[in-house]
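Written below as structure tokens is the structure these notes are about.
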Amino acid sequence: MTFEAAVRATPEIRNGYYPGLRALKGEHRTKVTRKTTQCSWRGSVDMDADLAARYPNDARWDYAIGFGYQSRQDGVAFVEVHHASSSEVETVIRKKDWLTGWVARSAPSLRGMAPGGFHWVSTDGVHIPQGSRQRRRLALSGITVGSMARIG
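Take the sequence shown: its letter number 61 is residue 64 in the working numbering, and every next letter is one higher.
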């Protein structure tokens with residue numbers, strides 16, 4: 004299934020699909036890159052905006068980004084653009100936990116796609132010491148953190 008088809012099959016975000024990285028705010032597009040030139044963008048969704056009315060008090064994740072290679076199944080990566088300090092680690096982990104629960108309940112088509120990971124992209128540098136308890140919590144939660152998200 005393509006990323007676009009998976010999004011269109013998910014009622015809560017079906018109208019949020021945009022080609023390429025167009026769903027991302029302009030300043031956020033520069034924080035996402037492909038790991039290899041063979042990878043192409045299959046589309047994106049501003050999940051925070053699309054789900055805000057339905058889940059106004061929940062800790063929502065920012066973006067879903069579809070990627071793919073010519074002969075492989077499309078994948079989906081999830082990107083959160085947020086200040087990256089030790090004091091924000093639990094907030095971002097809560098957002099990821101909410102996202103995985105939402106995908107399991109409401110977006111089975113996305114769940115079936117090749118995994119592209121959970122990326123926390125810092126707005127102003129990463130202020131979480133290497134080797135700290137907070138870095139270990141992120142690693143155990145499957146969240147990468149950095150100034151860029153390298154997808155694909």
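Where a beta carbon is used, it is the ideal one built from N, C-alpha and C, also for glycine.
Given the structure is predicted, the values throughout are model-derived calculations rather than measurements.
- A direct Cα-Cα distance of roughly 14 Å separates Lys99 from Pro118.
- Within the model, the alpha-carbon separation for Thr39 versus Arg75 is close to 14 Å.
- Considering only Ala110, Arg57, Lys28 and Met116, the residue with the shortest C-alpha distance to Thr126 is Lys28.
- Within the stretch 34 to 78, the runs of alpha helix (DSSP H) that reach at least 4 residues and sit entirely inside it are, in chain order, 50 to 54.
- Assignment of His122 by DSSP, reduced to helix, strand and coil, places it in the strand class.
- Excluding five sequence positions before and after Gly78, the CB atoms of its chain that fall closer than 6 Å to its own CB belong to Phe70, Met116, Ala117 and Gly119, given in chain order.
- For Gly29, the enclosing alpha helix (DSSP H) begins and ends at Gly29 to Arg32.
- Ranked by Cα distance from Leu141, the first of Arg153, Ser150, Arg97 and Ser109 is Arg97.
- Exclusion of the five residues before and after Thr36 leaves Met151, Ala152, Arg153 and Ile154 as the residues of its chain whose Cβ lies within less than 8 Å of its Cβ.
- In the three-state scheme derived from DSSP, where H, G and I count as helix and E and B as strand, Ser88 is classed as strand.
- Rounded to the nearest angstrom, the Cβ distance from His122 to Val82 is 5 Å, consistent with a contact under 8 Å.
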